[in-house]
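Enquirer:
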Amino acid sequence: MASGKSQAFRTAAIRTAATFTALAASAGCAAGTVEGGGTAGGPSAKSTPAPTLIATPERPQGPPGALPKPGEVGRIPRPSDGLPPVISSIPTRRKVVFLTIDDGWEQDPGFLARVRDRRIPITAFVTRDAVEARGAADPTAQGGRFLGAGKWGYVRGLRDAGVRIENHTLTHPNMPTLGYEGQRAEICGSSTVIRKQVGRTPTLFRPPFGNQNTLTRRAAKSCGIDALLLWTATVQPGGKIAYQVPDKKLRPGDVLLLHFRPNLSRDFRILVNKIRRRGFELGNLEAYLKAATR
320 MASGKSQAFR
330 TAAIRTAATF
340 TALAASAGCA
350 AGTVEGGGTA
360 GGPSAKSTPA
370 PTLIATPERP
380 QGPPGALPKP
390 GEVGRIPRPS
400 DGLPPVISSI
410 PTRRKVVFLT
420 IDDGWEQDPG
430 FLARVRDRRI
440 PITAFVTRDA
450 VEARGAADPT
460 AQGGRFLGAG
470 KWGYVRGLRD
480 AGVRIENHTL
490 THPNMPTLGY
500 EGQRAEICGS
510 STVIRKQVGR
520 TPTLFRPPFG
530 NQNTLTRRAA
540 KSCGIDALLL
550 WTATVQPGGK
560 IAYQVPDKKL
570 RPGDVLLLHF
580 RPNLSRDFRI
590 LVNKIRRRGF
600 ELGNLEAYLK
610 AATR
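Per our numbering: the sequence shown = residues 320 to 613.
(1) Assess, as a yes-or-no matter, whether the stretch 579 to 591 is touched by the stretch 523 to 534 under the definition of 3 or more beta carbon pairs within less than 8 Å.
(2) Would you mind reading off the limits of the beta strand (DSSP E) that contains Ile439?
(3) Can you find the residues in the same chain that come closer than 6 Å, C-beta to C-beta, to Cys507, ignoring five residues on each side of it along the sequence?
(4) With the cut-off set at 8 Å, would you say Leu547 and Gln531 are in Cβ contact?
(5) Classify Arg397: buried if its beta carbon has 16 or more other beta carbons within 10 angstroms, exposed otherwise.
(6) Please specify which runs of the alpha helix (DSSP H), each continuous and at least 4 residues long, are wholly inside the stretch 473 to 524, giving them in chain order.
(7) Going along the chain, which residues of its own chain have a beta-carbon closer than 7 Å to the beta-carbon of Ala606, five neighbours each way excluded?
(8) Between the C-alpha atoms of Leu534 and Ala611, what's the straight-line distance to the nearest angstrom?
(9) Taking DSSP as the reference, what is the three-state secondary structure of Arg597?
(10) Between which two residues does the alpha helix (DSSP H) carrying Ala611 extend?
(11) In three-state DSSP terms, what is Asp545?
(12) Report the rounded CA-to-CA distance for Arg435 versus Pro403, giving the unit in angstroms.
(13) Starting from Val392 and walking both ways along the beta strand (DSSP E), at which residues does that stretch end?
(14) Restricting to Cα atoms, I'd like to know which of Val415, Ile406, Gly390 is closest to Glu616.
Quick look at the structure:
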């Protein structure tokens, strides 16, 4: 019985040694190929070409979207009253448009992924109550799968994807119905929340419904806002564009308004493809505004 066990042990040892030798030879060949284009020694090794290493392209750096060319952008004059200007479009003849999105109810991860992976330039004007899903959702946002799904974590994800996070009030009121202090509380309060949650104080303000008056601009200035941004066209379900001009077509410098609504990822894809088929670029709003208000 002992001799049988000894014979089995010797057989296993021989197999193990043979396996180790084969693996060592194989590993030596692989190491030689990566480092020097062949194994050490032997004519066949010399004829083995080194593998071609394909570099993975790096993600483009810098801000997403088309940037203004020297002398391209017209100037937006500062108002004589010293208050922030109200801007609806960018003065340029280049076929470039600007995407903006309001509120923050429907926090679709597919939309975030598309913006991040395709490096699509877009500016978000968020409302605290929408982001935090406080109270009843806007009627256009009801029925969504991702209402308040990520809250401020979702907004920070947008920020990390290159989205500029700007001010759209705390509770989405009709601003002219409020006095100066009420409007200031809405704007300054929103800026405080955004600074705390996102790490940056907004410099743009979009009044809910586009409604504003001189008190709105005064309040905005006191809260550190440089400009009120409106729009020239809105985006409806299905990626359809509702124009505010008679010829019903995109124009250079247009600012498009979307909302965080159900089916956002699908509608956004349709919209971006439509814009590009019409020969327009997607511009970096921050860079164009800087050029226009220099």
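Just so it is clear, CB atoms sit at the ideal spot from N, CA and C, and this is done for glycine as well.
Expert: Looking at the coordinates:
(1) no
(2) In the sequence shown, residue 439 corresponds to position 120, counting from 1. Looking at the DSSP string, Ile439 is not in any beta strand (DSSP E), and its letter there is neither H nor E.
(3) On the sequence shown, position 188 is the one that residue 507 refers to. Contacts found: Cys542.
(4) By one-based count along the sequence shown, residue 547 stands at place 228. By one-based count along the sequence shown, residue 531 stands at place 212. Against a cut-off of 8 Å, the Cβ pair of Gln531 and Leu547 comes out as a contact.
(5) Residue numbering aside, residue 397 sits at position 78 when the sequence shown is read from its first letter. Burial call: exposed.
(6) 499 to 517
(7) Residue 606 sits at position 287 when you count from the first residue of the sequence shown. Answer for Ala606: Pro382, Leu386, Pro387, listed in chain order.
(8) Residue 534 sits at position 215 when you count from the first residue of the sequence shown. Residue 611 sits at position 292 when you count from the first residue of the sequence shown. Those two C-alpha atoms are separated by around 24 Å.
(9) Position 278 of the sequence shown, counting from 1, holds the residue named residue 597. In this structure, Arg597 counts as coil in the three-state DSSP scheme.
(10) Position 292 of the sequence shown, counted from the start, is the residue given in the question as residue 611. 604 to 611 is the span of the alpha helix (DSSP H), which, as asked, contains Ala611.
(11) Locating residue 545 in the sequence shown gives position 226, counting from the first residue. Three-state result, Asp545: coil.
(12) Translated into the one-based positions of the sequence shown, residue 435 becomes position 116. Translated into the one-based positions of the sequence shown, residue 403 becomes position 84. In a straight line, the C-alpha of Arg435 is about 31 Å away from that of Pro403.
(13) Residue mapping note: residue 392 aligns to position 73 of the sequence shown, counting from 1. Premise fails: Val392 is in no beta strand (DSSP E) and is neither H nor E.
(14) Summary: the structure shown does not reach residue 616, with the chain confined to residues 320 through 613, and so no result is reported for it.
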